[in-house]
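Chemist: In the working numbering, the protein residues as written are 158 to 496. All C-beta atoms, glycine included, are put in the ideal place defined by N, C-alpha and C. Note that this is a predicted model, so its numbers are computed, not measured.
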């Protein structure tokens, strides 16, 4: 090889490798990922090989140094008037991810992230989720901003990211453990009503005793009870410090009914309703039952045969234990305004 050409080849190779100071990859739930590269630029024309293939071919640069020219699908040329560090931001479709959860009611909960990588990658990785892509059109997606006078603008956060740290991918499916939680689980059977129902199966719900030590991304939950597959639930994501609750199917051996016994008008704008609930346990084990009745938000309970809770203005909640083979019934009375 000609010595001049050989020298030029090694100089170009050196530029390709040496300009990258660090790479961050944020994988979004939309099928896009955002790559953030920190590069060192020299005075004059700089040739930079992007870490992965951009799609679309669009690169943002801070500080803004002018136009970026693509030399091929992943190589750009940047002209700079000064030696400086710059940050390149661009999109890629080379990475997607999903979370999967396994719940064993004997005590364990595990979460893994599965990343599909179409290119090799090594850098700092963030897995992101949220409803920001829906909220953006409604003007609800904001970012925290601190001005020069240290004033803080009120913001609404709708996007969460979990940092995996320095991570390497092969061009394949890559699995990463996110969480292992050992905890006792309370088994509940829930009857939730918005009106009268007859002989309806209750929902099977598991509630963890321990709170979460980290944010948990959305994903399918596969539930096992005493070694037997019990159902699939969809977890929409939870925050650190919350108590994990999973409703994973119907408890067909516990069934309940809601009947409006009496409804009358007290005056021109006030009505009174007497409601009767009955729940029967056809199973061979004692069950802890929760009844959630949805009522008008301006209502008040005027009489009840059971203690109750009002966790929200629009719900009344009753709790009781039901022995195997037993049936239990109770009534309560509520008043509300009819507009």
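If you reduce the DSSP assignment to three classes, tell me which class residue 320 lands in.
Modeler: Three-state result, residue 320: strand.
Chemist: Indicate whether at least one CB of chain C lies closer than 7 Å to the CB of residue 466.
Modeler: Absent here is chain C; the protein component of the structure consists of one chain.
Chemist: Measuring straight from C-alpha to C-alpha, what distance separates residue 154 and residue 338?
Modeler: In this structure the chain extends from 158 to 496, so residue 154 is not present and cannot be described.
Chemist: With a threshold of 7 Å on Cβ separation, who are the neighbours of residue 460 within its own chain once the five nearest residues in sequence on each side are excluded?
Modeler: The answer, listed in chain order, is 489 and 490.
Chemist: Which residue wins for smallest C-alpha separation from residue 197, given the options 213, 242 and 221?
Modeler: Per the Cα distances, 242.
Chemist: What are the boundary residues of the beta strand (DSSP E) that includes residue 416?
Modeler: Run containing residue 416: 400 to 422, per the beta strand (DSSP E) assignment.
Chemist: Report the option in 434, 331 and 203 whose CA atom is closest to the CA atom of residue 477.
Modeler: When each option's Cα is compared against that of residue 477, the closest is 434.
Chemist: Alpha carbon to alpha carbon, how far is residue 345 from residue 449?
Modeler: Those two C-alpha atoms are separated by around 12 Å.
Chemist: Taking Cβ positions, are residue 390 and residue 438 nearer each other than 7 Å?
Modeler: Cβ distance not < 7 Å, so residue 390 and residue 438 don't count as in contact.
Chemist: CB of residue 493 to nearest heavy atom of the ligand MG: below 6 Å?
Modeler: The ligand MG is not part of the structure shown, which contains no ligands of any sort.
Chemist: What did DSSP end up calling residue 218 once you bin it into helix, strand or coil?
Modeler: DSSP places residue 218 in strand when its eight states are reduced to three.
Chemist: When you compare only the Cα positions, how much space is there between residue 360 and residue 351?
Modeler: Going by the C-alpha atoms only, they are around 15 Å apart.
Chemist: Grab the span of the beta strand (DSSP E) containing residue 250 for me, first residue to last.
Modeler: Neither: residue 250 is in no beta strand (DSSP E) and is coded neither H nor E.
Chemist: Could you tell me the distance, in whole angstroms, from the CA atom of residue 236 to the CA atom of residue 194?
Modeler: Distance between the alpha carbons of residue 236 and residue 194 is about 17 Å.
Chemist: Tell me the DSSP secondary structure of residue 463 in three-state form.
Modeler: Three-state result, residue 463: coil.
Chemist: Buried or exposed: residue 249, going by 16 or more other Cβ atoms within 10 Å of its Cβ?
Modeler: Buried is the call here.
Chemist: Leaving aside the five residues before and after residue 480 along the sequence, list all residues of the same chain whose C-beta is less than 6 Å from its C-beta, in chain order.
Modeler: The answer, listed in chain order, is 443.
Chemist: Considering just the uninterrupted stretch of the beta strand (DSSP E) at residue 328, what are its terminal residues?
Modeler: Looking at the DSSP string, residue 328 is not in any beta strand (DSSP E), and its letter there is neither H nor E.
Chemist: Does residue 467 pass the burial test, meaning 16 or more other C-beta atoms within 10 Å, or should it be called exposed?
Modeler: Answer is exposed; the Cβ neighbour count stays below 16.
Chemist: What would DSSP say about residue 430, mapped onto helix, strand or coil?
Modeler: It is a strand residue.
Chemist: Can you tell me where the beta strand (DSSP E) holding residue 283 begins and where it ends?
Modeler: It spans 278 to 287 - the beta strand (DSSP E) in which residue 283 sits, taken as one unbroken run.
Chemist: How many Å lie between residue 279 and residue 208 at the Cα?
Modeler: Approximately 9 Å, taken between the alpha carbons.
Chemist: What number of angstroms, rounded off, separates the C-alpha of residue 202 from the C-alpha of residue 246?
Modeler: C-alpha separation (whole angstroms): 19 Å.
Chemist: Starting from residue 477, follow its DSSP beta bridges and name the residues at the other end.
Modeler: In the DSSP output, where bridge partners are listed per residue, residue 477 has 446.
Chemist: Please classify residue 358: does DSSP put it in a helix, a strand, or coil?
Modeler: Residue 358: strand per DSSP, three-state reduction.
Chemist: Are the CB atoms of residue 336 and residue 268 nearer to each other than 7 Å?
Modeler: Closer than 7 Å, so yes.
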